[in-house]
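Following: one structure in structure tokens, then a few remarks.
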Ligand SMILES: Cc1cc2nc3c(=O)[nH]c(=O)nc-3n(C[C@H](O)[C@H](O)[C@H](O)COP(=O)(O)OP(=O)(O)OC[C@H]3O[C@@H](n4cnc5c(N)ncnc54)[C@H](O)[C@@H]3O)c2cc1C
Ligand SMILES: Cc1cc2nc3c(=O)[nH]c(=O)nc-3n(C[C@H](O)[C@H](O)[C@H](O)COP(=O)(O)O)c2cc1C
Ligand code: FES
């Protein structure tokens, strides 16, 4: 579903920024905000998100009517980093991971980059943004797990070819964690630099609670449990310890030691 | 509004009645984009330990009706980095600061207190003897009057500052008054209550506990009546003991319940996640709640529910 909000106080948004939306109304039983990628935004005017009704909070959001007031904090997080040179780039998205990608494609093209797009979903109904992205890119390939649209298979089945054919140097990805892990690997194997917008459960979205962490290798080579809300959601694909997500690797900074905690 | 909202916790004068709850505002810096942190009663920092600590595996949270479970496991940078970065920022911004400490054992609490009693900018110490997110329940010192007192005696013996020492208590005990009495005898200046209650959510699609740490601490409005009850009981038994109250406070009306039960000030925790401006908003609302009931000051209401 598409949610367009009047947002007279919204600042400049970059692709990869997210919005934290309060759900359930004032005094309701859901205390935590829901995070959504920002799809589009005009500073001082409006903010758009794309969401799929899922659990209680997004179901509530889906029942809101035009004119209702929604409480949003945005923009939050660190956005995608754009290349300084006009290089060849690939955008890869799974499902609603396509939400921030039209904005990204515009930003990349604004810098003179070539932009090729790979969009995937389980089935045609869950595909999002195909037409919008066609208008702002050099090519779009669609994959679906069940073959109801485009190539049957996964985004990573076609990604290596896209990188090779277009001599792509940078890959930008957003979607489910297993997809991001595969994209990071294919990118690295084919000599491209990747940036991935991750999706971790967040309680606060503003960096105060430490729920949203994942193991990320820093510039100093040390793995830290980094907060995806303020240090991310965009991370370098080669820096996330994908195999260790949801765990605390034993060599992480401050990890439990035998005899310690 | 000319209601006097100033209050105190032992020797510590507070210019405002709302503080942040430990672990719910990091060390204050991230909240600065939502309000002037120096105007809060105090920032209570995330519990700090001697060494850097990675915390527990994820998922670390589950939303529950009017609350949440967390199993963060005291992720933090360690005392050295805390002093250099976090405390320095708090000092530079004139923030009243209560530092929360946690130890794996009694000696670690003592070591942390020794270090903190020598540095500038520590206006109070909150001794977290009640974190449920540790590997062994045996480490929850606040579940046993003897070990609770042992930690406090050790801290007290190295604490050479005038700043008050508060013990943070767990509601997961048979008799919270007994624990409060034991830490008072060991020399605390006040108590903070309550920490989270131990809970669990099961993911029935995967037939396993939802949290990486399996169990977690329950917080938010769901636990508010437990907190009010605990504060009421402790204030009844120890009417002169300063109490910093917390547990699901969402509005000024909620805060007023805590004050009437016997708290001198309140910390805002989980509600900050959904509403980062809550500590300021709740202070304002508390003023309005007092005014509309004809009171002139917060201090005249502390413990009032015991007299009617
Ligand atoms: C940075 C980021 C960007 C996102 N962008 C989008 C988007 O553009 N469109 C979209 O439809 N969804 C997006 N999501 C996922 C979206 O946040 C969840 O689908 C939503 O929080 C689920 O809420 P619920 O009330 O339906 O589920 P519930 O199960 O009721 O949620 C309970 C709690 O768990 C958290 N939670 C549950 N599922 C997820 C999840 N998949 N990811 C993170 N937290 C979760 C919720 O925030 C809430 O606190 C994004 C998530 C993140 C972290
Ligand atoms: C995510 C999270 C982290 C917490 N971390 C700490 C901590 O480090 N030390 C501590 O003493 N209490 C910690 N607490 C407990 C809170 O300070 C508070 O006592 C409790 O959550 C009840 O208040 P609330 O319902 O307003 O959150 C934490 C609570 C939450 C939700
Ligand atoms: S969600 Fe709270 S620190 Fe990231």
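Chains as they are written, first to last, in the numbering used here: chain A, 1 to 261; chain B, 1001 to 1308. Think of the CB as a built atom: it goes at the ideal place given N, C-alpha and C, for glycine as much as any other residue.
In chain order, the residues with a C-beta atom nearer than 5 angstroms to some heavy atom of ligand 1 are 18/A, 32/A, 34/A, 35/A, 36/A, 37/A, 51/A, 52/A, 54/A, 55/A, 56/A, 57/A, 58/A, 96/A, 99/A, 199/A, 201/A, 233/A and 1063/B. If you look at residue 195/A, you'll find it in the beta strand (DSSP E) that goes 193-197. A Cβ-Cβ distance of about 15 angstroms is found for the pair residue 37/A and residue 7/A, leaving them out of contact under the 8 angstroms criterion.
Using a Cβ-Cβ cut-off of 8 angstroms, residue 1218/B does not count as an interface residue toward chain A, since no Cβ of chain A sits closer than that to its own. DSSP places residue 185/A inside the alpha helix (DSSP H), whose first and last residues are 177-189.
DSSP places residue 1295/B in the coil class of the three-state scheme, outside both helix and strand. Our two residues, residue 1292/B and residue 1299/B, have alpha carbons roughly 16 angstroms apart in a direct line. Taking a cut-off of 8 angstroms for Cβ pairs, the stretch 171-185 of chain A and the stretch 1226-1245 of chain B do not touch, as fewer than three such pairs fall below it.
When secondary structure is reduced to three states using DSSP, residue 240/A falls in the strand class.
Contact annotation: residue 1196/B and residue 1217/B have beta-carbon atoms nearer than 8 angstroms. Between residue 207/A and residue 1026/B a beta carbon distance of about 6 angstroms is seen, short of the 8 angstroms cut, so the two are scored as contacting. Distances from the CA of residue 1176/B to each of 1143/B, 1149/B, 1187/B and 1161/B were compared; the closest alpha carbon is that of 1143/B.
Within chain A, the residues whose beta carbon sits less than 9 angstroms from that of residue 1024/B are 204, 208 and 209, listed in sequence order. Residue 1068/B is bridged by DSSP to 1063/B and 1219/B.
Using a Cβ-Cβ cut-off of 8 angstroms, residue 36/A does not count as an interface residue toward chain B, since no Cβ of chain B sits closer than that to its own. Of all residues in the stretch 69-89 of chain A, none has a C-beta nearer than 7 angstroms to a C-beta of chain B.
For residue 247/A, the closest Cβ of chain B is nearer than 8 angstroms.
Closest in C-alpha terms to residue 52/A, from the list 43/A, 44/A and 62/A, comes 62/A. Relative to the non-hydrogen atoms of ligand 3, the Cβ of residue 207/A comes within a distance shorter than 7 angstroms of at least one.
For residue 225/A, the nearest CB of chain B lies under 8 angstroms from its own CB, placing it at the interface with that chain.
Closer than 9 angstroms at the C-beta level to chain A, one finds these residues of the stretch 1269-1282 of chain B: 1270, 1271, 1272, 1273, 1274, 1275 and 1276. By the criterion of a C-beta distance shorter than 6 angstroms, residue 202/A is surrounded in its chain by 35, 212 and 229, once the five residues flanking it on both sides are discounted. Distance from residue 20/A to residue 73/A at the Cβ level is roughly 5 angstroms; contact confirmed, criterion being Cβ atoms closer than 8 angstroms.
If you look at residue 1185/B, you'll find it in the alpha helix (DSSP H) that goes 1176-1185.
Within the stretch 1133-1172 of chain B, the complete beta strand (DSSP E) segments at least 3 residues long are 1165-1168, listed from N- to C-terminus.
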